[in-house]
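Chains as they are written, first to last, in our numbering: chain A, 2 to 229; chain B, 2 to 229. The C-beta atom is built at its ideal place from N, Cα and C for all residues, glycine as well. Down below is the structure, laid out as C-alpha cells.
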DNA sequence: ATTTAAATTCATCGCTTGTTGAATTGTCAA
DNA sequence: TTGACAATTCAACAAGCGATGAATTTAAAT
C-alpha cells in the first residue's frame, strides 16, 4: 500500500537528506522568535508548532519537554556569541601587546559582535538579542541561564578590564559591567520604544547609531568610576 | 438565618469600614509581586487569588479582565514615581538658577527616587522595579505601557539635559537616555545575577552601592557622547 | 528480503485557563 | 421595613494546555 503517487500524510517523509532535521531548525527558529516576543509562558507549543509548520508532537520528539527546548534555544547562539567575543578580545590583546588593551577596545570586543550579528542576513540574531534581554532581566531565568552560559566569558572580560584599569576595585568593575549589560540588553531588545520616545527621531533598528554612541558612553562610564 | 455566631462563608462580609477595599489592595500587591517574577502570562488568576487570599471571581469584580488588572498595577506606582522625579528635578533647577542644572544632578533626580523607594519599608517597590524591568524590555508591553505612563516625563528630562549639554544633538540625548534606562532596569530588576557573576562580591540588594556608582557612570557617559 | 530504527501524524489524557451568571449575605438610604 | 446596591462565594463554561502512546510510513542495516 506504500509508494502511492501522493505522499502519505502520516509516517516518515520521503526524506531527501538535504532537509534532514531541517524541521528541527525550523522549530528552533520559530521558538526563538516567539519566546523573544512573548516570553516562556506566553508561547504555547501549539502556536509554536503552527508557526514552524510542524506537528505538536514533533517538538517533544526533537527537543523533549518545553523547558528543555527553551534551554536549547538559548544555548545555541550563546556559544557562537561567546566565541566571537573571545576572538575579538584576543585580537585586541595581540594588537596592544605588550601594553594592556585600552578600555574602549575591550568594550568594543564585547559589543561589536552583537552589532555584526544583528546586521547579518540571519534574521534570527535579532530575535535572539530580544530573547537575551528577556532572560537577562528575568529573576526566574536570569540567574540560571545567564550564569550557565555566559559567566565564563564574564571572568575573561573582567580580567581584561582589571588590567586596563589597575586602580579599580573589583566591585567597581562588576557593577560597571552590570550597567553595560543592562544598557546593551535594552538597546538590542529592539522594542521600538526609542522610536516613540524620540518622536520618530531615533530608530530601534539603527544598530550603527546605537553602537557608535554606546561604546564611548560605556567606556567613559568605566573610566569615571574606575580611575578615580 | 443571618446573624449566626460564625460569619457566613458567602455574601458580603460584616465589613468594618477599615478594611473597606483593603482586599483590592491585597490583590494589587500580590499581582505586582507575581507579575514581576513571572511576567504577564506566567501568572494565573487562580495563583494570584490564592496569594492574595481572595476568591478568583473577586479579581474580575474589582479590576475587570486580566489585561486591565496588569495596566492598573503598572500605572499605580508610575504616577507616584513620576511626581517624585519631577519634584527632585524642580528642586535641582531651583538650586542651580540662573545656571542650567549640571548633568549629575539631573541623573540624580532621575535615579535617586528609585533608590529611596527600594530602600523604603514598602516591599512593594522592589517588586515594582522588577516589573518595570520586565515591561521595559518587552516588545509587547514596552512600547504601550512605557510610552503611556512615562513619555511625558521623558520630555521634561530631555529638555533639562538639552540645556545642560547645549552642544548635543537631540539623537545623542535620546540614545544616552536609552542606555541609562537599560542600565537602570537591569540593576533594579534585582535578579541576583550580579551576586553570581561577581562570585559573591557584589549583592543585588545593595542599592546604595548600585546607585553611588551608577550616577557618575551615566553622567560621564552623557558627557562623553554629548560634549564632543 | 527481513528486520530495525527513524520520523512523522493523530487522538487523547487529565488539568488548567480566563471569565461569567447565579446565589448569598450584608449595608444603607428611603 | 422595605428595597436597592455592594461585596463576596460557588459552580460551571468552553477553550486551551503540555505531554504521550499508538499507529503509520519510510530509510537504513543486515
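Asked: Supposed close pair residue 72 of chain A, residue 146 of chain A - CB separation, criterion 8 Å; Found: 7 Å
Asked: Residue 192 of chain A versus B/171, B/112, B/215 and B/148, residue with shortest Cα-Cα distance; Found: B/148
Asked: Backbone secondary structure at residue 41 of chain B - three-state DSSP; Found: coil
Asked: Validate contact between the segment 21-29 of chain B and the segment 215-228 of chain B using beta carbons, cut 8 Å, 3 pairs; Found: no
Asked: Cβ contact check for the segment 98-108 of chain A and the segment 158-165 of chain A: 3 or more pairs under 8 Å; Found: yes
Asked: Coil, strand or helix - residue 200 of chain B by DSSP; Found: coil
Asked: Partner residues on chain B for residue 197 of chain A, Cβ-Cβ distance less than 9 Å; Found: 144, 147, 148 and 152
Asked: Beta carbon of residue 37 of chain B nearer than 9 Å to that of residue 129 of chain B; Found: yes
Asked: Within chain B, the residues that residue 173 of chain A reaches when beta carbons sit closer than 9 Å; Found: 214
Asked: Range covered by the alpha helix (DSSP H) that runs through residue 126 of chain A; Found: 125-137
Asked: Chain-ordered chain A contacts of residue 177 of chain B [CB-CB under 8 Å]; Found: 214 and 218
Asked: Three-state secondary structure assigned by DSSP to residue 26 of chain A; Found: helix
Asked: C-beta atoms of residue 135 of chain A and residue 195 of chain B nearer than 9 Å; Found: no
Asked: Interface partners of residue 137 of chain B on chain A, CB under 7 Å; Found: 187
Asked: Residue 101 of chain A (DSSP reduced to helix, strand or coil); Found: coil
Asked: Ordered list of alpha helix (DSSP H) runs contained in the segment 151-206 of chain B, each at least 4 residues; Found: 171-190 and 194-198
Asked: Contact list for residue 225 of chain B against chain A, beta-carbon separation under 7 Å; Found: 217, 218 and 221
Asked: Cβ-based burial, residue 214 of chain A [other Cβ within 10 Å; buried from 16]; Found: buried
Asked: CA nearest to the CA of residue 197 of chain B, picked from A/208, A/210, A/186 and A/143; Found: A/143
Asked: Assigned exposure category for residue 138 of chain B - 16 Cβ within 10 Å defines buried; Found: buried
Asked: Chain-order list of residues whose beta-carbon lies under 8 Å from that of residue 59 of chain A (same chain, five-residue window excluded); Found: 24, 28 and 50
Asked: Under 7 Å by beta carbon: chain B residues contacting residue 201 of chain A; Found: Here the premise fails: no neighbours, minimum Cβ distance about 11 Å.
Asked: Same chain only: Cβ atoms within 7 Å of residue 204 of chain B, ignoring 5 sequence neighbours per side; Found: 196
Asked: CA-to-CA distance, residue 124 of chain B to residue 22 of chain A, given in whole angstroms; Found: 49 Å
Asked: Exposure of residue 54 of chain B, with buried meaning 16 or more beta-carbon neighbours within 10 Å; Found: exposed
Asked: Anticipated Cβ contact below 8 Å, residue 177 of chain A with residue 102 of chain A, distance rounded; Found: Not a contact, Cβ separation roughly 16 Å.
Asked: Secondary structure of residue 4 of chain B, DSSP reduced to three states; Found: At residue 4 of chain B, the pLDDT of 44 sits below 50, so the modelled position is not reliable and the matter cannot be decided from this model.
Asked: 9 Å Cβ cutoff, residue 180 of chain B in contact with chain A; Found: yes
Asked: Whether residue 179 of chain B touches residue 187 of chain A by CB criterion (9 Å); Found: yes
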